[in-house]
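Right, one structure below, let's go through it.
In structure tokens form, the structure reads like this:
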């Protein structure tokens, strides 16, 4: 395949008289330039996290003669508790959130996509409206509610909403996906004697795996990155998540221990980047389809 | 018989819906009603809410300069960062559209910051990059330019958070890119035959066809920008400083509600935001008829 064919002329290719090879190269140069500017700070942070603390701040470059793991050793056990605890907490909350979202959102989506019931249109309107609702309007009363229920300093305020399908976006994503599956499948299952539960669990869900995967990944990233939720509900250091651990680290150490801070930041980002590399196709298609359909 | 069947199906449907229904009633609609009530009260969690009528709103607009500056900061942030985000996303989507090698690699790398942008780790990094000895100043020093801390001075702190938001343009770009790939090539060829240059073709062919996605991204990015929190909190250490220059609406709401336990005031603030977002959304949908083009639908 040549760089540019006539039918698929690039935006910047004026006329065939301009050399398409040159234009292609310019395009790549521009894109790579933007990427370098964008990604350099992150790459620099990762590199800095392996440098001795004296070198962390006074170098623009990525390389050092004295790579060390000291920042990781110090950072891991710094702060009020060590990061093993924060990571375990984050993993627990994230895992419970993912399962909750998968269960509640898929049940709801099946009903909206496949079943007929009274007030369906109204309820679907409510679902769409909650997607646009700013979270602040429920933030204060939910806090009061969870406070009354004595759920402060437990994971319940962070996890229970996920089990009750509060994140309408994922329901919507799955409704749109299930609608693309042929109805004949349901009819065939019905003739074979499947009820709705079996149609849902044996036919639709296995086929909806891409949508479930997208939901799981987005929930993972949102829960892992979540800062406000843990900040509001988790006051005891032994319950803190990685986000809270990093934030308090910044308070305790100030600017003096940037090496350790960068080391822990790198570890906090690693799962996100890891999952992304493993499943980028799923994530990118998930984003692309939300806009198109 | 038909009736009993749909009746049974309705029952099954509500069983499937039950977690969501419980959530919508207990965690969304109920709390909304309660916060609508709280907006007219003074409530500190310790003693019962006390009805004070419109006092919260009166205070917001006439007796609380910090509230007004949080509104100003937020509107400035939304007004600058959303258009910037849309323009940058569109330009990069155009650069990636059609016949480019390594498309999936580029797409992935541009998208990655969108996933990290909301994390504390990146906010921590941002604080360093724009600090007095940070990466930005080190680069500027190479050109002989000296500047103090960007996050530490009131004139520039907000712009560092605008950059943080702009950095995560990938999600918006991917939606534009998906749309660009559906623009029929014949239309472009026809316009080219008619003598339209690339700029003309963009404005008369591509852009009209992209309006549904511009509408979608404008709506979502604006709502998203109004709710920005983590970046401002971490960069300013929760203060909204320096000199309230990064006092985002959400940050001030957090301070009022959860640091000072003024739950009534925070609820009033939340509802003021709902009204503003509602008006914005309504306005957008009303004007959509004039500028959003849905191909074959009309």
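Residue numbers (full-length UniProt numbering), protein chains in the order written: chain A, 1 to 293; chain B, 1 to 298.
Idealized CB from N, CA, C, for every residue including glycine.
Other residues of its chain near residue 80 of chain B: CB distance less than 7 Å, five sequence neighbours each side excluded: Indexing the second chain from 1 puts residue 80 of chain B at position 80. Around residue 80 of chain B: 162.
Residue range of the alpha helix (DSSP H) that includes residue 193 of chain B: In the second chain, residue 193 of chain B corresponds to position 193, counting from 1. Looking at the DSSP string, the run of the alpha helix (DSSP H) that includes residue 193 of chain B is 185–193.
Within-8 Å CB hit, residue 14 of chain B to chain A: Counting from 1 along the second chain, the entry for residue 14 of chain B is found at position 14. Cβ-Cβ to chain A under 8 Å: yes for residue 14 of chain B.
Inter-residue CB distance, residue 222 of chain B and residue 280 of chain B (contact presumed, cutoff 8 Å): The sequence position of residue 222 of chain B within the second chain is 222, counting from 1. The sequence position of residue 280 of chain B within the second chain is 280, counting from 1. Confirmed, Cβ separation roughly 7 Å.
Buried or exposed by the 16-neighbour rule on C-beta atoms within 10 Å, applied to residue 8 of chain A: Position 8 of the first chain, counted from the start, is the residue given in the question as residue 8 of chain A. Because residue 8 of chain A carries a pLDDT of 48, less than 50, the predicted location of this residue cannot be relied on, and no value is offered for it.
Contact list for residue 175 of chain A against chain B, beta-carbon separation under 8 Å: If you number the first chain from 1, residue 175 of chain A lands on position 175. Correct list: empty, because the minimum Cβ distance to chain B is about 11 Å.
Collapsed DSSP secondary structure at residue 303 of chain A in the structure displayed: Since the first and last residues shown for chain A are 1 and 293, residue 303 of chain A lies out of range.
Rounded distance between the beta-carbons of residue 23 of chain B and residue 161 of chain A, thought under 8 Å: The residue you call residue 161 of chain A lines up with position 161 of the first chain. The residue you call residue 23 of chain B lines up with position 23 of the second chain. With 8 Å as the limit, residue 161 of chain A and residue 23 of chain B qualify as a contact, their Cβ atoms being about 7 Å apart.
Straight-line Cα distance separating residue 186 of chain A from residue 294 of chain A: In the structure as shown, chain A starts at 1 and stops at 293, and residue 294 of chain A therefore has no counterpart that could be examined.
Residue 167 of chain A, buried or exposed, once every other Cβ within 10 Å from all chains shown has been counted against 16: Locating residue 167 of chain A in the first chain gives position 167, counting from the first residue. Buried, by the Cβ-count rule.
Residues from the stretch 249–283 of chain B in contact with chain A, defined by Cβ distance under 7 Å: 250, 253, 257, 258, 263, 266, 267, 270, 271, 273, 274, 277, 281
Limits of the alpha helix (DSSP H) - the one that residue 100 of chain B falls within: As a first step, residue 100 of chain B must be located in the second chain, where it is residue number 100. Counting along the chain, residue 100 of chain B falls outside any alpha helix (DSSP H), and DSSP gives it neither H nor E.
Neighbour list for residue 104 of chain A in chain B, Cβ cutoff strictly below 8 Å: Counting from 1 along the first chain, the entry for residue 104 of chain A is found at position 104. Neighbours of residue 104 of chain A on chain B, chain order: 19, 20, 23.
For residue 236 of chain A, three-class secondary structure by DSSP: Reading the first chain from its first residue, position 236 is the one you call residue 236 of chain A. Three-state DSSP puts residue 236 of chain A in coil, outside helix and strand.
Beta carbon of residue 221 of chain A nearer than 8 Å to that of residue 272 of chain A: Residue mapping note: residue 221 of chain A aligns to position 221 of the first chain, counting from 1. Residue mapping note: residue 272 of chain A aligns to position 272 of the first chain, counting from 1. Yes, they are a contact pair.
Neighbour-count burial assignment, residue 142 of chain A, 16 or more Cβ in a 10 Å radius: Counted from its first residue, the first chain places residue 142 of chain A at position 142. Buried, by the Cβ-count rule.
Through-space distance from residue 289 of chain A to residue 47 of chain B, alpha-carbon basis: Walking along the second chain from the start, residue 47 of chain B turns up at place 47. Walking along the first chain from the start, residue 289 of chain A turns up at place 289. Distance between the alpha carbons of residue 47 of chain B and residue 289 of chain A is about 49 Å.
Near-chain B residues of the stretch 130–145 of chain A (beta-carbon distance less than 8 Å), N- to C-terminal order: 130, 132, 133, 134, 135, 136, 137, 138, 139, 140, 141, 142, 143, 144, 145
Cα-Cα separation, residue 26 of chain A to residue 95 of chain B: Taking the first chain and counting its residues from 1, the one referred to as residue 26 of chain A is at position 26. Taking the second chain and counting its residues from 1, the one referred to as residue 95 of chain B is at position 95. Answer to the nearest angstrom: the Cα atoms are 10 Å apart.
Chain A contact residues for residue 116 of chain B, given Cβ-Cβ distances below 7 Å: On the second chain, residue 116 of chain B is found 116 positions in, with the first residue counted as 1. The contacting residues are 269, 272.
Per DSSP, the bridge partner or partners of residue 211 of chain B: Locating residue 211 of chain B in the second chain gives position 211, counting from the first residue. DSSP lists no bridge partner for residue 211 of chain B.
Burial state of residue 240 of chain B, where buried means 16 or more other Cβ atoms lie within 10 Å: Here the question's residue 240 of chain B lines up with position 240 in the second chain. Per the 10 Å Cβ criterion, buried.
Alpha-carbon to alpha-carbon, residue 232 of chain B and residue 263 of chain B: The residue labelled residue 263 of chain B in the question sits at position 263 within the second chain. The residue labelled residue 232 of chain B in the question sits at position 232 within the second chain. If you take the alpha carbons of residue 263 of chain B and residue 232 of chain B, they lie about 21 Å apart.
Residue 127 of chain A versus A/44, A/155, A/175, A/193, residue with shortest Cα-Cα distance: Here residue 127 of chain A corresponds to residue number 127 of the first chain, with the count starting at 1. The shortest Cα separation from residue 127 of chain A among A/44, A/155, A/175, A/193 belongs to A/175.
CB-CB length for residue 45 of chain A against residue 265 of chain A, believed under 8 Å: Along the first chain, one-based indexing puts residue 45 of chain A at 45. Along the first chain, one-based indexing puts residue 265 of chain A at 265. Confirmed, Cβ separation roughly 6 Å.
Residue 28 of chain B: contacting residues in chain A (beta-carbon distance under 8 Å): Stepping through the second chain from its first residue, residue 28 of chain B is reached at position 28. Per Cβ cutoff of 8 Å: 130, 133, 138, 166.
Distance between residue 55 of chain B and residue 238 of chain A (C-alpha atoms, nearest Å): The count along the first chain starts at 1 and reaches residue 238 of chain A at position 238. The count along the second chain starts at 1 and reaches residue 55 of chain B at position 55. Cα to Cα, residue 238 of chain A sits roughly 40 Å from residue 55 of chain B.
Chain A residues whose Cβ lies nearer than 9 Å to that of residue 293 of chain B: Residue numbering aside, residue 293 of chain B sits at position 293 when the second chain is read from its first letter. Simply none; closest approach about 15 Å.
Residue range of the unbroken alpha helix (DSSP H) whose run includes residue 125 of chain A: The count along the first chain starts at 1 and reaches residue 125 of chain A at position 125. Per DSSP, residue 125 of chain A belongs to the alpha helix (DSSP H) from 120–132.
Proximal residues to residue 71 of chain A (C-beta, below 6 Å), its chain only, five neighbours per side dropped: If you number the first chain from 1, residue 71 of chain A lands on position 71. Once the five neighbours on either side are set aside, the close Cβ partners of residue 71 of chain A are 49, 259, 260, 263.
Residues within the stretch 150–171 of chain B neighbouring chain A, beta-carbon criterion of under 8 Å: Those residues of the stretch 150–171 of chain B that come within reach of chain A (Cβ to Cβ, closer than 8 Å) are 167, 171.
Residue 241 of chain A and residue 97 of chain A closer than 8 Å at C-beta: By 1-based counting over the first chain, the position of residue 241 of chain A is 241. By 1-based counting over the first chain, the position of residue 97 of chain A is 97. No; because the gap between Cβ atoms is not below 8 Å, this pair is not in contact.
Buried or exposed (CB count within 10 angstroms, at least 16 for buried), residue 17 of chain B: Working through the second chain from its first residue, we reach residue 17 of chain B at position 17. Per the 10 Å Cβ criterion, buried.
Under 9 Å by beta carbon: chain B residues contacting residue 203 of chain A: Reading the first chain from its first residue, position 203 is the one you call residue 203 of chain A. The contacting residues do not exist; residue 203 of chain A stays about 15 Å from chain B at best.
Own chain, CB closer than 7 Å to residue 88 of chain B, minus 5 neighbours either side, in chain order: Working through the second chain from its first residue, we reach residue 88 of chain B at position 88. Same-chain partners within the cutoff: 166, 169.
DSSP three-state assignment for residue 181 of chain B, whether helix, strand or coil: Here residue 181 of chain B refers to the residue found at position 181 of the second chain. In the structure shown, residue 181 of chain B sits in coil (DSSP, three-state: anything other than H, G, I, E or B).
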